[in-house]
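Visitor:
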Amino acid sequence: MDPIEEALTALKSLELGEKVNISQTAKKYGVERSTLSRRWRGVQGSRAAQYENQRLLNDRQEQELVRYVDRLCERGLPPTRSMLRN
296 MDPIEEALTA LKSLELGEKV NISQTAKKYG VERSTLSRRW RGVQGSRAAQ YENQRLLNDR
356 QEQELVRYVD RLCERGLPPT RSMLRN
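Plus 295 on top of the position in the sequence shown (first one is 1) and you've got the numbering used here.
Set out below in C-alpha cells:
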C-alpha cells in the first residue's frame, strides 16, 4: 500500500474523540504534512483518481478496443486512426 494511503488509514482508525495529529502521522509514514492534510480534509484526491477523470475510455472499454485492434491485425487489416476514433 502507498505510504499516503497507509497514513490515511491510520487516521481513519483513530477512535472517536481521539485527537488527530497530522504532523506526527506524516512523520511516522514519511509523507508531506501538507499533502496528508489536504487528502484528509478531502481537498485533494489521489493522482490516480485525477487521472481517471481525464480518461476518455474506462478500463473495460480500453480492453475491448485492444481486443478489437488485435482481431483486425490478425486478419491483416490494421485499423486507421479514424477507425479507432469512431
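We put the beta carbon where it would ideally sit given N, CA and C, even for glycine.
(1) CA-CA distance, R336 and R350?
(2) When the Cβ atoms of the segment 350–359 are set against those of the segment 306–323, are three or more pairs found closer than 8 Å?
(3) Quick check: what's the CA-CA separation for L367 versus L311?
(4) List the endpoints of the continuous alpha helix (DSSP H) containing T320.
(5) Start and end of the alpha helix (DSSP H) containing R336?
Guide: Reading it off the structure:
(1) 25 Å
(2) no
(3) Distance between L367 and L311, taken at the CA atoms: about 58 Å.
(4) I317 to Y324
(5) R328 to R336
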